[in-house]
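Residue numbers for the sequence shown follow this note's numbering, beginning at 2 and rising by one. As structure tokens, the structure follows; a few thoughts come after it.
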Amino acid sequence: MESKSIASELAVYSVWTDRCYRLRFLLYTFMITLCVGLMSSCSKDGDTVYVQDPDDVPNTSPLVIVVYDPNSMGDHSYNDLVYEGVETAARQYGLRTLQGAPSSTTEGLMYLESFLLQMSTPPDTIRRLLIVVGNAYDEYLRQNNHRLESNPYIDLLYLETDTPLEGKGSTLYIHYYGAMFEAGALAPHFADEALLVGANPQYKAIEECIEGFTAGFNSGLFPTDHTLSLQTAYISNRIDGGFIVADSTALRILTSYQWTQDLPLLVPICGGSSIVFQRLAETLNNFFYMGVDAATTSVFCPYSAIKHVDLAVASCISQWFLNKSLPKHMTFGLDDGYTDVVIHDITNNLYPFLYKGDLTNSLRTSIHEEAIRKEAEYGR
Numbered sequence: 002m003e004s005k006s007i008a009s010e011l012a013v014y015s016v017w018t019d020r021c022y023r024l025r026f027l028l029y030t031f032m033i034t035l036c037v038g039l040m041s042s043c044s045k046d047g048d049t050v051y052v053q054d055p056d057d058v059p060n061t062s063p064l065v066i067v068v069y070d071p072n073s074m075g076d077h078s079y080n081d082l083v084y085e086g087v088e089t090a091a092r093q094y095g096l097r098t099l100q101g102a103p104s105s106t107t108e109g110l111m112y113l114e115s116f117l118l119q120m121s122t123p124p125d126t127i128r129r130l131l132i133v134v135g136n137a138y139d140e141y142l143r144q145n146n147h148r149l150e151s152n153p154y155i156d157l158l159y160l161e162t163d164t165p166l167e168g169k170g171s172t173l174y175i176h177y178y179g180a181m182f183e184a185g186a187l188a189p190h191f192a193d194e195a196l197l198v199g200a201n202p203q204y205k206a207i208e209e210c211i212e213g214f215t216a217g218f219n220s221g222l223f224p225t226d227h228t229l230s231l232q233t234a235y236i237s238n239r240i241d242g243g244f245i246v247a248d249s250t251a252l253r254i255l256t257s258y259q260w261t262q263d264l265p266l267l268v269p270i271c272g273g274s275s276i277v278f279q280r281l282a283e284t285l286n287n288f289f290y291m292g293v294d295a296a297t298t299s300v301f302c303p304y305s306a307i308k309h310v311d312l313a314v315a316s317c318i319s320q321w322f323l324n325k326s327l328p329k330h331m332t333f334g335l336d337d338g339y340t341d342v343v344i345h346d347i348t349n350n351l352y353p354f355l356y357k358g359d360l361t362n363s364l365r366t367s368i369h370e371e372a373i374r375k376e377a378e379y380g381r
């Protein structure tokens, strides 16, 4: 598909840096123009912004608009998977996309207010799907989603909430408790000591991860006579904080704990900050780490807990496009196959002598089945 580079024309209005796919609309009026004019589809390639050729996708094609949590893109995990899921569906059905990654909550709220202001009454009959990713705008959405009710051509999908919206809008939540419980139960096979690093304690999905991993780690499902130790640290106390971290801060967190073994397990549950912790673990050469949300290939990463949010988002867009609607609330999890735990052979082949105990297929199956059961019970 041919594309035209518009980087020079958008230089005044947007910044796209360090492959973080940040599309920052610096002028309020320009954001309104984008929402109303539906002028382009976004894709990513290095540090350049492209739009699809007008001859490839008609201006009347449905548009999918995505607003992410602040500073969340470029995390090589959850948010980047959402991006890929949106673009995959767009390519399949010939949709246009507009994906914005604000640098602050205020900027994200500006995007949403601009959109709701213009879309509260139908400017045309083009179908649009607004996808809001994360919890930073929860209060705003619940107070303002009713403003879209008079527009039959607009639909709203809110990700990462287990509480349905009142009035217009659909919600999607992928439970991570089961996968993290399974990961925690398997952890003693790789290390006697572990450190959980969360972005902040206010973000529900992060707390669910930490609670699940902790319960699994302490479950005793993996037989061991070693003394186990689990520590938890947070980068920030704000709901939109902790997803970006300085190397010095990450290093301070890692070195503030005393370990009795050579390779404790680091579990970073902090979006883009995870990349910093993973890099430091490999540089220091004294940590294993677990991949979170996406599988990580490294000799220092023995296993990963995976959230297939790309598949879930693509499925939702498919339902919206083909069926003209979405269910009011959708919940997926370990039993549905939308989360998983994968053990990487590369680490096992290089460091088999560091592992503890025998992880048989029957033991893995029993841990997996218990994790599914625990997830079903969680939050009841």
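For every residue, glycine included, the Cβ atom is placed at its ideal position computed from N, Cα and C.
Reference R280; option with closest CA among D248, G101, W260, L197: Numbered from its first residue, the sequence shown carries residue 280 at position 279. When only C-alpha atoms are compared, the closest one is D248.
Skipping 5 residues on each side, what residues in its chain have a beta carbon closer than 6 Å to that of N80? Taking the sequence shown and counting its residues from 1, the one referred to as residue 80 is at position 79. Y69, S73, M74, listed in sequence order.
Measuring CB to CB, does C210 end up less than 8 Å from Y177? As a working note, residue 210 is residue 209 in the sequence shown. As a working note, residue 177 is residue 176 in the sequence shown. Pairing C210 with Y177 gives a Cβ-Cβ distance under 8 Å.
Buried or exposed: which applies to S115, given that a residue is buried once 16 or more other Cβ atoms fall within 10 Å of its Cβ? On the sequence shown, position 114 is the one that residue 115 refers to. Classification for S115: buried.
Helix, strand or coil, according to DSSP, for L187 in the structure here? As a position in the sequence shown, residue 187 is number 186, starting the count at 1. It is helical.
Less than 8 Å between the CB atoms is what I'm expecting for V277 and V246, so what's the real figure, rounded? Here residue 277 refers to the residue found at position 276 of the sequence shown. Here residue 246 refers to the residue found at position 245 of the sequence shown. Right, their Cβ atoms sit about 5 Å apart.
Within 8 Å of any Cβ in chain D, is that where the Cβ of M111 sits? The structure shown contains no chain D; it is built from a single protein chain.
Where does G213 sit, in a helix, a strand or coil, going by DSSP? Locating residue 213 in the sequence shown gives position 212, counting from the first residue. Three-state DSSP puts G213 in a helix.
Within 8 Å, strictly: CB atoms of L264 and L196: Within the sequence shown, numbered from 1, the residue matching residue 264 stands at position 263. Within the sequence shown, numbered from 1, the residue matching residue 196 stands at position 195. Cβ distance not < 8 Å, so L264 and L196 don't count as in contact.
N-terminal and C-terminal residue of the alpha helix (DSSP H) that I254 is part of: Numbered from 1 along the sequence shown, position 253 holds the residue referred to as residue 254. It spans 248 to 256 - the alpha helix (DSSP H) in which I254 sits, taken as one unbroken run.
Of all the alpha helix (DSSP H) runs that stay within the bounds of the segment 232 to 305, which reach a length of 4 or more residues? Counting only runs of 4 or more, we get 248 to 256, 274 to 285.
Using CA coordinates, which residue listed in F244, L166, L64, L117 is at the minimum distance from M331? Taking the sequence shown and counting its residues from 1, one reaches residue 331 at position 330. It is L166 whose Cα lies nearest to the Cα of M331.
Consult DSSP for H147 and reduce its assignment to one of helix, strand or coil. One-based indexing of the sequence shown puts residue 147 at position 146. Here H147 sits in helix by DSSP.
Alpha carbon to alpha carbon, what distance is there between F301 and E283? As a position in the sequence shown, residue 283 is number 282, starting the count at 1. As a position in the sequence shown, residue 301 is number 300, starting the count at 1. About 7 Å.
Starting from the Cα of G217, find the closest Cα among Y235, F182, A234 and give me that residue. What you label residue 217 is simply residue 216 of the sequence shown in a count that begins at 1. Closest option to G217, Cα to Cα, is F182.
According to DSSP, is H369 part of a helix, a strand, or is it coil? For this step, residue 369 is matched to residue 368 along the sequence shown. DSSP places H369 in helix when its eight states are reduced to three.
Beta-carbon separation (whole angstroms), V343 vs I368, contact threshold 8 Å: Along the sequence shown, read from residue 1 onward, the residue named residue 343 stands at position 342. Along the sequence shown, read from residue 1 onward, the residue named residue 368 stands at position 367. Contact flag wrong, Cβ pair sits at about 14 Å.
With 16 as the cutoff for other CB atoms within 10 Å, does P328 come out buried or exposed? Residue 328 sits at position 327 when you count from the first residue of the sequence shown. Counting Cβ neighbours within 10 Å, P328 comes out exposed, since fewer than 16 surround it.
Report all residues from its chain with a CB closer than 7 Å to the CB of E85; omit the five preceding and five following residues, and keep chain order. As a working note, residue 85 is residue 84 in the sequence shown. Excluding residues within five positions, the ones whose Cβ falls inside 7 Å are D311.
In this structure, does DSSP put L64 in helix, strand or coil? As a first step, residue 64 must be located in the sequence shown, where it is residue number 63. Looking at L64 - three-state DSSP - the assignment turns out to be strand.
Run through DSSP, which three-state label would L229 get? Counted from its first residue, the sequence shown places residue 229 at position 228. It is coil, neither helix nor strand.
Excluding five sequence neighbours on each side, which residues of the same chain lie with their C-beta closer than 6 Å to the C-beta of H309? If you number the sequence shown from 1, residue 309 lands on position 308. Correct list, in chain order: Y339.
Could you tell me which of V293, L222, Q119 sits nearest to D76, measuring between CA atoms? Taking the sequence shown and counting its residues from 1, the one referred to as residue 76 is at position 75. That would be V293, whose Cα lies nearest to the Cα of D76.
So if DSSP puts T89 in a beta bridge, which residue, or which two residues, is it bridged to? Position 88 of the sequence shown holds residue 89. DSSP lists no partner for T89.
Collapsed DSSP secondary structure at F223 in the structure displayed: If you number the sequence shown from 1, residue 223 lands on position 222. Three-state DSSP puts F223 in coil, outside helix and strand.
Mind checking which residues open and close the alpha helix (DSSP H) that includes G101? As a working note, residue 101 is residue 100 in the sequence shown. No alpha helix (DSSP H) holds G101; the beta strand (DSSP E) holding it covers 97 to 101.
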